[in-house]
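A.B. asks:
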Amino acid sequence: MGELIERVDEQDRVLEVVERAEAERRRWMHRIATTICRDPMGRILVLRRAEGHVRFPGRYDVMVGGAVGVGEPYEDAAARELVEELGAGVPVRFLFKFLCQDGFSPVWFGVHEALIAEPLAPDPSEIAWHAWLTELELRKVVNRGPFVPGGREALRRYLGRSAQ
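Per my numbering, the very first residue in the sequence shown carries number 1138; after that it's consecutive.
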């Protein structure tokens, strides 16, 4: 049996428990918990996915995250993914969620923010490279090069919050 997740509807209400691979194959909506990480200087973490990654190999992203497990709150999943992918056991703060239609299947992204002051220990099977960029540096590169579409959209929404 593969990874179990909750299939959800257009209002993010649970419909049933399914395997993630089946949800992606049938393009069923499900949940992904993500985190945009900042360092104490306010820079944003940018990463490049490992070439062997199943989803968007070799692409850049600003989100660390993964599927929300059955019965798992977005915040718990986001915190778990930070530990799994970066070795960072830090608190996360829920910011917003949005339905993303770009990708393997439509997903609800629960976007969080975390402050990371400790050294990172990225999982090489997930992350091939990472760096901290200022907002200005990131704005210059996010629309160039191979970025994960959902990460690009989440960053646009995230940065737009501070402009309001």
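Using N, Cα and C, we set each Cβ at its ideal position, and we do this for glycine too. All values derive from a computational prediction rather than experimental measurement.
Tell me the DSSP bridge mates of Leu-1236?
C.D. replies: Leu-1236 pairs with Trp-1245.
A.B. asks: Could you have a look at Ala-1170 and say whether DSSP puts it in helix, strand or coil?
C.D. replies: strand
A.B. asks: Confirm, please, whether the CB-CB distance from Ala-1291 to Phe-1246 is below 8 Å.
C.D. replies: yes
A.B. asks: Express the C-alpha separation of Glu-1161 and Met-1138 in angstroms, rounding to a whole number.
C.D. replies: 15 Å
A.B. asks: Mapping DSSP to helix, strand and coil, what is Arg-1298?
C.D. replies: Arg-1298: helix per DSSP, three-state reduction.
A.B. asks: Roughly how many angstroms separate the alpha carbons of Pro-1283 and His-1267, rounded to a whole number?
C.D. replies: Approximately 15 Å between the Cα atoms of the pair.
A.B. asks: Leaving out the 5 sequence neighbours to the left and right, which residues in its chain are closer than 6 Å to Ala-1300 when beta-carbon positions are compared?
C.D. replies: Confidence in Ala-1300 is poor, its pLDDT being 49 and thus under 50, which makes the residue's placement unreliable; the coordinate value appears in the next sentence. Hits under 6 Å: none found.
A.B. asks: For Pro-1185, does the count of other Cβ atoms within 10 angstroms reach 16, so buried, or fall short, so exposed?
C.D. replies: The amino acid occupying residue 1185 in the given sequence is Arg; Pro does not appear at that position. Counting Cβ neighbours within 10 Å, Arg-1185 comes out buried, since at least 16 surround it.
A.B. asks: With a threshold of 8 Å, are at least 3 pairs of Cβ atoms found where one atom belongs to the region 1177 to 1184 and the other to the region 1260 to 1277?
C.D. replies: yes
A.B. asks: Quick one: what's got a C-beta closer than 6 Å to Glu-1188's C-beta in the same chain, skipping five residues either side?
C.D. replies: Pro-1194, Gly-1195
A.B. asks: So, helix, strand or coil for Pro-1219, using DSSP?
C.D. replies: It is Leu, not Pro, that sits at residue 1219 in the sequence shown. The answer is helix: DSSP assigns Leu-1219 an H, G or I state.
A.B. asks: Quick test of your reading: Leu-1236 and Thr-1172, contact by CB under 8 Å. State the CB separation rounded to the nearest angstrom.
C.D. replies: Going by Cβ atoms, the distance from Leu-1236 to Thr-1172 rounds to 18 Å, so no, they are not a contact pair.
A.B. asks: What first and last residue would you give for the beta strand (DSSP E) that runs through Leu-1141?
C.D. replies: 1141 to 1145
A.B. asks: Taking the beta carbon of Leu-1273 as the centre, do at least 16 other beta carbons fall within 10 Å, making it buried, or is it exposed?
C.D. replies: By the C-beta density criterion, Leu-1273 is exposed, having fewer than 16 other C-beta atoms within 10 angstroms.
A.B. asks: Please return the same chain residues whose Cβ sits closer than 7 Å to the Cβ of Arg-1289, not counting the five positions on each side in sequence.
C.D. replies: The beta carbon of Arg-1289 sits closer than 7 Å to those of Val-1279, all from its chain and outside the five residues before and after it, given in chain order.
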